[in-house]
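Counting in our numbering, the sequence shown runs from 2 upward without gaps. The C-beta atom is built at its ideal place from N, Cα and C for all residues, glycine as well. Okay, so here's the structure we're looking at.
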Amino acid sequence: TGDTTVDIGFVNTASCNSAITYIDGDAGILRYRGYPIEQLAEKSNFIETSYLLIYGELPSTAELEDFTERIRQHTMLHEDLKAFFNGFPRDAHPMPVLSSAVSALGTFYQDSLDPFDKEHVEISTIRLLAKLPTIAAYAYKKSIGQPFLYPDNELSLTENFLRMTFGVPATNYDIDPDMVKALDQLLILHADHEQNCSTSTVRLVGSAHANLFNSVSAGIHALSGPLHGGANSAVLEMLDGILETGGDVDTFVKKVKNKEDGVKLMGFGHRVYKNYDPRAAIIKKTTDSILGKDGVRDPLLDIALQLEQRALEDDYFIERKLYPNVDFYTGLIYKAMGFPTKMFTVLFAMGRLPGWIAQWREMIEDPETKIGRPRQIYTGATERDYTAISGR
Ligand code: CMC
């Protein structure tokens with residue numbers, strides 16, 4: 002229409018009203034349902050934060066127990082879904098395995114997929130929260146040829162995930178409480194971030210009344226891109242590359258500034274934050290404690306610290322307000338925990354799941370929601386007549 006304006010990348014376009022997450026990008030503020038991320042990261046746990054995001058309030062003791070128990074009852078996968086993992090090549094990237102398995106998961110619950118039936122939405126919420134860690138662990142086990150471990154419901158969600166990922170049936174797996182705490186905190190920090198690319202995808206797909214499983218599956222695909230969640234593995238690959246070429250940070254920064262081969266400083270920059278990403282500030286502290294734990298210091302950490310310092314003093318980054326984002330230090334922690342690079346974005350997906358669910362539910366419940374259907378400014382040919390192939 003005549004008054005349609007184009008907004009490439011939706012830089013200035015709000016797609017919805019939302020009461021879930023608040024960001025002030027200039028001040029570096031992030032709050033879930035009004036609670037500062039710093040307080041949640043220090044005092045809450047992932048299950049409680051998931052409850053907060055989805056239902057809007059912190060739970061009472063009874064509500065939290067009930068929520069935890071309902072999740073606990075649904076951690077196993079249908080045995081037939083286990084067979085699904087065999088359809089992928091051994092070296093398949095776990096992100097498409099994860100998103101495919103989430104779509105497939107919905108097919109096991111075909112009688113409870115109605116987006117407008119509150120009970121269906123509720124059970125789908127619980128199933129997704131309970132089963133995504135199991136799916137993620139199985140995707141990993143498949144990639145290294147180890148047997149799948151059933152969940153152990155004596156354990157918390159995070160403990161269970163670590164055991165199913167790193168444990169084997171032949172021996173006991175000793176759960177390291179520091180690792181559980183660090184992972185739980187990372188999941189909290191990733192749990193929501195208002196209308197980012199994957200969340201907007203979940204909402205857009207859901208706006209066509211696609212079910213929760215399919216909407217979340219689409220979100221996982223969006224997250225896999227290196228400009229979004231895939232940045233956490235791209236950071237590690239970048240640091241590895243710098244180390245392999247002798248650790249020359251200056252040459253790398255020059256390349257970035259000259260935009261040689263489109264090289265970017267991965268883990269830097271953000272559409273909304275024009276200040277230090279508050280999540281990165283928290284994660285940097287965790288990096289110090291986890292990476293110094295056994296007295297072993299990863300040489301990649303030194304490169305990351307040098308890169309950050311070098312960038313923060315450089316006019317290119319200062320002028321463009323580019324600061325470390327959530328992905329800059331997470332990869333180093335995941336690596337120290339024993340995760341291969343391929344799994345980093347899967348961990349992001351596990352963290353973001355409650356946010357996707359909360360946003361999808363808010364969208365479905367909002368009477369003002371319409372199917373997402375952007376317009377365009379047409380730039381193609383004007384009308385012309387078809388010519389026969391012999392005359393072209
Ligand atoms: N390294 C070098 N230059 C950069 C970077 C970077 N990481 N990020 C932005 N710029 C430059 C960009 O080239 C542009 O320069 P110019 O004005 O000369 O053309 C300017 O800064 C503005 O950038 P933009 O691309 O217009 O900004 P955007 O809001 O469209 O993109 C971003 C945001 C996150 C995609 C981008 O900063 C980026 O690609 N960063 C690296 C990937 C990354 O770390 N992604 C994770 C984001 S946070 C978590 C998540 O969403 O998953």
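Where R32 falls: helix, strand or coil (DSSP): As a position in the sequence shown, residue 32 is number 31, starting the count at 1. Three-state DSSP puts R32 in a strand.
Do S225 and T62 have their CB atoms nearer than 8 Å? Within the sequence shown, the letter at position 224 stands for residue 225. Within the sequence shown, the letter at position 61 stands for residue 62. No, Cβ-Cβ distance for S225 and T62 is not below 8 Å.
Can you check whether the C-beta of K142 is within less than 8 Å of a C-beta belonging to chain B? Here chain B cannot be found, since the structure has a single protein chain.
Report whether the distance from the Cβ of R321 to the nearest heavy atom of the ligand CMC is below 7 Å. Locating residue 321 in the sequence shown gives position 320, where the first residue counts as 1. It does: the Cβ of R321 is within 7 Å (strictly closer) of some heavy atom of the ligand CMC.
Measure how close the beta-carbons of G168 and T200 come, nearest whole angstrom, since I'm counting them as under 8 Å. Within the sequence shown, residue 168 is the residue found at index 167, counting from 1. Within the sequence shown, residue 200 is the residue found at index 199, counting from 1. In fact, because the Cβ distance is near 32 Å, the residues do not count as touching under 8 Å.
Quick one: grab the DSSP three-state call for Y379. One-based indexing of the sequence shown puts residue 379 at position 378. The DSSP-derived three-state label of Y379 is coil.
Taking the straight line between their C-alpha atoms, what separation do you get for L190 and E384? Residue mapping note: residue 190 aligns to position 189 of the sequence shown, counting from 1. Residue mapping note: residue 384 aligns to position 383 of the sequence shown, counting from 1. Their Cα atoms are separated by approximately 52 Å.
Considering only the alpha carbon of each residue, which of G381, K371 and A359 lies closest to S19? In the sequence shown, residue 19 corresponds to position 18, counting from 1. Of the candidates G381, K371 and A359, the one whose C-alpha sits nearest the C-alpha of S19 is A359.
The ligand CMC heavy atom lying under 7 Å from the CB of H229: Position 228 of the sequence shown, counting from 1, holds the residue named residue 229. Yes - the ligand CMC has a heavy atom lying nearer than 7 Å to the Cβ of H229.
Can you pull the DSSP bridge partners for I413? Only positions 2 to 393 of the chain appear in this structure, which leaves residue 413 out of reach.
Based on the DSSP secondary-structure assignment, which residues constitute the bridge partners of F269? Residue 269 sits at position 268 when you count from the first residue of the sequence shown. Bridge partners of F269: P325.
From the DSSP output, in three-state form, read off P97 for me. By one-based count along the sequence shown, residue 97 stands at place 96. Reduced to three states, the DSSP call for P97 is helix.
Tell me, to the nearest whole angstrom, how far the beta carbon of L54 is from that of D193; I am working on the premise that it is less than 8 Å. To locate residue 54, count along the sequence shown from 1; it is residue 53. To locate residue 193, count along the sequence shown from 1; it is residue 192. Their Cβ separation, rounded to whole angstroms, is 5 Å, which keeps L54 and D193 in contact under 8 Å.
Which same chain residues, not among the five before or five after G46, have their C-beta less than 6 Å away from its C-beta? For this step, residue 46 is matched to residue 45 along the sequence shown. Reading off the sequence, residue 46 comes out as Asn, not Gly. So the list reads D185, once near-sequence residues are dropped.
Residue(s) in a DSSP beta bridge with P37: As a working note, residue 37 is residue 36 in the sequence shown. The partner list for P37 (beta bridge, DSSP) reads R32.
Is N276 near the ligand CMC, judged by its Cβ being under 7 Å from some heavy atom? As a working mapping, residue 276 is identified with position 275 in the sequence shown. Because no heavy atom of the ligand CMC lies under 7 Å away, the Cβ of N276 does not count as near it: no.
Where does the unbroken alpha helix (DSSP H) through G207 begin, and where does it stop? Translated into positions along the sequence shown, residue 207 becomes position 206. Looking at the DSSP string, the run of the alpha helix (DSSP H) that includes G207 is C198 to S208.
Could you pull out every residue in the same chain whose Cβ sits closer than 7 Å to the Cβ of N233, ignoring the five residues on either side in sequence? Looking up residue 233 in the sequence shown gives position 232. Excluding positions up to five away in sequence, the list reads D328, T331, G332, F345, T346 and F349.
Quick one: any contact between the region 146–163 and the region 118–127, if contact means 3 or more CB pairs under 8 Å? no
M239: CB within 7 Å of a non-hydrogen atom of the ligand CMC: As a working note, residue 239 is residue 238 in the sequence shown. Answer for M239: no, Cβ out of range of the ligand CMC.
The alpha helix (DSSP H) spanning E320 covers which residue range? On the sequence shown, residue 320 is found 319 positions in, with the first residue counted as 1. Here the alpha helix (DSSP H) through E320 covers D316 to E320.
Report the three-state DSSP secondary structure of G352 (helix, strand or coil). Position 351 of the sequence shown, counted from the start, is the residue given in the question as residue 352. In the structure shown, G352 sits in a helix (DSSP, three-state: H, G or I).
Do P325 and D249 count as a contact pair if the criterion is CB distance below 8 Å? The residue labelled residue 249 in the question sits at position 248 within the sequence shown. The residue labelled residue 325 in the question sits at position 324 within the sequence shown. In this structure, the beta-carbon distance from D249 to P325 does not fall below 8 Å.
Report the option in T202, K182, E309 and D262 whose CA atom is closest to the CA atom of V236. Locating residue 236 in the sequence shown gives position 235, where the first residue counts as 1. Minimum Cα distance to V236 is reached at E309.
In chain order, what residues of the same chain lie with their CB nearer than 7 Å to the CB of G339, ignoring the 5 residues before and after it? Position 338 of the sequence shown, counted from the start, is the residue given in the question as residue 339. Only F167 meet the Cβ criterion.
Is any heavy atom in the ligand CMC found nearer than 7 Å to the beta carbon of M267? In the sequence shown, the residue the question calls residue 267 occupies position 266. Within 7 Å of the C-beta of M267 there is at least one heavy atom belonging to the ligand CMC.
If you drop the 5 nearest sequence neighbours on each side, which residues of the same chain put their C-beta closer than 6 Å to that of T126? Here the question's residue 126 lines up with position 125 in the sequence shown. Closer than 6 Å at the Cβ level, and outside the excluded window around T126, lie I358.
Quick check: what's the CA-CA separation for A102 versus L130? Working through the sequence shown from its first residue, we reach residue 102 at position 101. Working through the sequence shown from its first residue, we reach residue 130 at position 129. If I take the Cα positions, the gap works out to 14 Å.
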